[in-house]
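Peer 1: Below you'll find the structure I mean.
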Amino acid sequence: MTKKRTHLPVQKNERLEVTFQDLTHEGAGVAKVDGYPLFVPDALPGEKADVKVVKTGKNFGFGRLMERHTTSTHRVDPPCPIYHWCGGCQLQHMDQEAQLSLKREQVINALHKYMGREDIPVQETIGMNEPWAYRNKAQVPVAERDGELIAGFFAKRSHHIVDMDHCLIQGDQNDAAIQVVKNILKRYEIEPYDEASGRGVIRHIVARNGRLSGETMVMLVTNGEELPHKKKLVEAIRSEVSGIHSIVQNINKKKTNVVYGERTEILWGEKYIEERIGKLRFALSPRSFFQVNPVQTEVLYEKVRQFAGLRGNETVIDAYCGIGSISLFLAEEARKVYGVEVIGEAISDARKNAKLNHFPNVEFSVGKAEEVVPWWRAALGVEADVIVVDPPRKGCDEKLLQTMIEMKPERIIYVSCNPATLARDLGILSDGGYEVQEVQPVDMFPQTTHIECVTRLVRKIKER
Ligand code: SAH
């Protein structure tokens with residue numbers, strides 16, 4: 001049982017000296033006062049500072065930095081002028097080396113906290129040579145301020161939009177496309193959407209770019225079917241956006257934070273843009289998920305390939321397959337690959353991509369992995385040698401983990417974007433007879449606190 005606190009070790013408005021030990025997911029420094037965590041923005045591990053307590057809760061409190069007494073050798077000037085307001089990046093004030101080791105530490109801590117293990121090898125995080133301008137997709141909310149259209153990013157912990165002229169982690173072509181479209185919308189006086197009243201037209205500007213193909217897609221998310229000056233807008237976007245290949249309108253009439261609505265209409269050009277990862281070509285439709293950092297995606301997938309250790313005669317399952325990118329990456333070296341994904345549109349893309357790359361040995365199904373994989377096994381007699389999972393933040397469904405344990409593949413490759421649920425699931429797989437051999441963090445999201453890693457598990461041979 002944890003001991004109940006009778007009174008807190010700090011009081012509101014108190015000023016005290018602390019030393020920071022860690023960072024939160026939002027990038028705030030964490031200092032402990034008699035075991036009570038205080039979260040303070042703009043503080044780095046190792047730094048000593050005077051802070052003022054601004055808020056206290058039962059289990060943690062918040063402080064403001066008053067005076068820094070020591071400065072971390074890893075502190076750098078954040079290059080982005082709106083870094084302190086924008087909620088997009090959290091680690092620009094930390095150098096690359098420290099960002100990479102922080103991410104590795106957080107994986108190690110999660111394995112310890114949620115799995116009770118300290119002996120699993122966690123490799124050094126693989127970073128990018130040039131950790132800027134890496135994103136292939138910009139999804140920018142639009143609003144009105146002082147009668148003008150602004151487009152930018154949500155401020156930290158809020159729904160207030162910070163206007164943005166330039167985003168340093170966005171690919172150059174996308175970054176430029178957003179500004180060009182913003183100016184076109186201003187020129188034609190298109191009314192921005194207002195969250196509070198539900199009135200106005202433009203909710204989001206989205207730009208996606210195929211890094212190697214150079215193809216750009218612009219999507220306008222609107223509050224209804226109507227888009228004033230549609231023809232002229234399309235003409236202007238066509239002539240002013242570099243690499244333009246596709247212009248689409250997505251209609252979202254709902255009063256919701258969800259960005260996209262169900263209906264998408266092509267206003268001009270192709271339905272898809274192309275992206276390439278390694279030798280493979282991928283057609284991306286407007287709403288389908290694709291990894292946002294194509295350079296590091298190749299590094300990540302190469303690790304998956306290496307961990308899978310295929311020799312050409314294996315059956316592979318790729319669960320949570322999105323548009324089938326890992327499936328296709330492994331298809332050349334496998335006898336057969338089965339992919340499953342819950343979004344139908346992504347599976348249509350996956351099938352198209354299998355054809356585009358001439359792989360007859362992959363098969364895709366729409367559905368929940370935890371339902372489709374047991375069905376493949378029961379109805380089709382599928383036996384897998386290797387299973388790859390790449391679930392969303394909440395991790396794998398327990399039923400899928402149990403099915404995997406029963407199917408006894410030789411190897412499991414677990415791609416994860418959340419060390420906490422990764423550790424929880426590795427605990428279950430480890431109890432089910434798998435040895436966790438190594439974890440490889442790959443920095444897919446430089447300047448942010450997001451962590452991605454690939455884990456290799458091998459079945460322990462049991463005597464019967
Ligand atoms: N492996 C892909 C996509 C990973 S993102 C890639 O590398 O690009 C995780 C995917 O899991 C998303 O496409 C999401 O739609 C899908 N998903 C979420 N819950 C699911 C479930 N229960 N069963 C199958 N797919 C699911």
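According to UniProt numbering, the sequence shown is numbered sequentially starting from 1. Beta carbons: idealized from backbone N, C-alpha and C, even for Gly.
From E463 to G433, what distance separates their C-alpha atoms?
Peer 2: The pLDDT assigned to E463 is 45, lower than 50, so where the model puts this residue is not dependable, and the model offers no usable value.
Peer 1: Under 7 Å between C-beta atoms, does Q21 make it to chain B?
Peer 2: Considering every chain present, this structure includes no chain B. It has just one protein chain.
Peer 1: Between which residues of its own chain and residue 474 is the CB-CB distance below 7 Å, once the five residues before and five after are set aside?
Peer 2: A query on residue 474 cannot be resolved here, the shown segment of the chain reaching from 1 to 464 and no further.
Peer 1: Within the same chain, show all residues whose beta-carbon is closer than 8 Å to that of I273, passing over the 5 residues directly before and after it, in chain order.
Peer 2: Closer than 8 Å at Cβ, skipping near neighbours: R208, N209, G210, S213, E215, T216, M217, H245, S246, A283, L284.
Peer 1: Pair every Cβ in the region 130-145 with every Cβ in the region 165-175, then say whether three or more of these pairs are closer than 8 Å.
Peer 2: Yes, they touch.
Peer 1: CB A346 to CB I323, shorter than 7 Å?
Peer 2: Cβ distance < 7 Å, so A346 and I323 count as in contact.
Peer 1: Any heavy atom of the ligand SAH closer than 6 Å to the beta-carbon of D175?
Peer 2: Checking the Cβ of D175 against the ligand SAH gives no.
Peer 1: Contact between the region 407-424 and the region 89-100: three or more CB pairs below 8 Å?
Peer 2: Output reads no: the region 89-100 does not touch the region 407-424.
Peer 1: Rounded to the nearest angstrom, how far is the Cβ of I387 from that of I412, given a contact under 8 Å?
Peer 2: That belief holds up - the Cβ atoms of I387 and I412 are roughly 5 Å apart, short of 8 Å.
Peer 1: Is it right to say M1 is buried, meaning 16 or more other beta carbons lie within 10 angstroms of its own, or is it exposed?
Peer 2: Low local confidence applies: a pLDDT of 48 at M1 is under 50, so the model's placement there is unreliable, and no value is given.
Peer 1: Let me check you understand the geometry: is the CB of I150 closer than 6 Å to at least one non-hydrogen atom of the ligand SAH?
Peer 2: No, the ligand SAH has no heavy atom inside 6 Å of this Cβ.
Peer 1: Distance, Cα to Cα, T125 vs R145?
Peer 2: Approximately 41 Å, taken between the alpha carbons.
Peer 1: Do V342 and K303 have their C-beta atoms closer together than 7 Å?
Peer 2: Contact: no.
Peer 1: In its own chain, which residues sit with a C-beta less than 6 Å from the C-beta of G427, not counting the 5 before and 5 after it?
Peer 2: Same-chain partners within the cutoff: M115.
Peer 1: Grab me the residues of L310's own chain with a C-beta within less than 6 Å of its C-beta, minus the 5 sequence neighbours each way, in chain order.
Peer 2: E333, A334, listed in sequence order.
Peer 1: Roughly how many whole angstroms lie between the Cα atoms of Q291 and L8?
Peer 2: Rounded to the nearest angstrom, the two C-alpha atoms are 44 Å apart.
Peer 1: Going by the beta-carbon positions, is the gap between P192 and L233 smaller than 7 Å?
Peer 2: For P192 and L233, no; Cβs fall outside 7 Å.
Peer 1: Cβ of C321 within 6 Å of any heavy atom in the ligand SAH?
Peer 2: Correct: C321 has its Cβ closer than 6 Å to the ligand SAH.
Peer 1: Among all the DSSP beta bridges, which residues are the ones paired with E452?
Peer 2: Answer is V442.
Peer 1: Quick check: the Cα distance between L356 and R281, rounded to an integer number of angstroms?
Peer 2: Whole-angstrom Cα-Cα distance: 7 Å.
Peer 1: What residue does the alpha helix (DSSP H) around S348 start on, and which one ends it?
Peer 2: Counting along the chain, the alpha helix (DSSP H) containing S348 begins and ends at 344-356.
Peer 1: Mind reading off the beta-carbon distance from I82 to V439? Whole number of angstroms is fine, and I expect it under 8 Å.
Peer 2: About 34 Å separates the two Cβ atoms, so there is no contact after all.
Peer 1: With DSSP as the reference, identify every bridge partner of I247, one or two as the case may be.
Peer 2: Paired residues: V218, W268.
Peer 1: Use the C-beta contact count for F20: other C-beta atoms within 10 angstroms, 16 or more gives buried, fewer gives exposed.
Peer 2: So F20 counts as buried.
Peer 1: Does the distance between the C-beta of V304 and the nearest non-hydrogen atom of the ligand SAH fall short of 6 Å?
Peer 2: Not under cutoff, so the answer is no.
Peer 1: Does the Cβ of L380 have 16 or more other Cβ atoms within 10 Å, making it buried, or fewer, making it exposed?
Peer 2: With fewer than 16 Cβ atoms within 10 Å of its Cβ, L380 is classed as exposed.
Peer 1: So V40 and L65 are supposed to be a Cβ contact under 8 Å. How far apart are they, rounded?
Peer 2: Correct: roughly 5 Å between the Cβ atoms.
Peer 1: Taking only three categories from DSSP, how would you classify M1?
Peer 2: Unreliable placement is indicated for M1, whose pLDDT of 48 sits below 50; no coordinate value is reported for it.
Peer 1: At a cut-off of 6 Å, is D390 close to the ligand SAH when judged by its beta-carbon and the heavy atoms of the ligand?
Peer 2: The answer is yes for D390.
Peer 1: Enumerated in chain order, which unbroken segments of the beta strand (DSSP E) with a length of 3 residues or greater are wholly contained in the region 33-77?
Peer 2: List check, beta strand (DSSP E) in window: 36-40, 48-56, 61-68.
Peer 1: Along the chain, which unbroken stretches of the alpha helix (DSSP H) at least 4 residues long are found entirely within the region 346-428?
Peer 2: For the region 346-428, whole alpha helix (DSSP H) runs of length 4 or above, ordered along the chain, are 369-380, 398-407.
Peer 1: When the Cα atoms are used, what is the spatial distance from V248 to G127?
Peer 2: Rounded to the nearest angstrom, the two C-alpha atoms are 34 Å apart.
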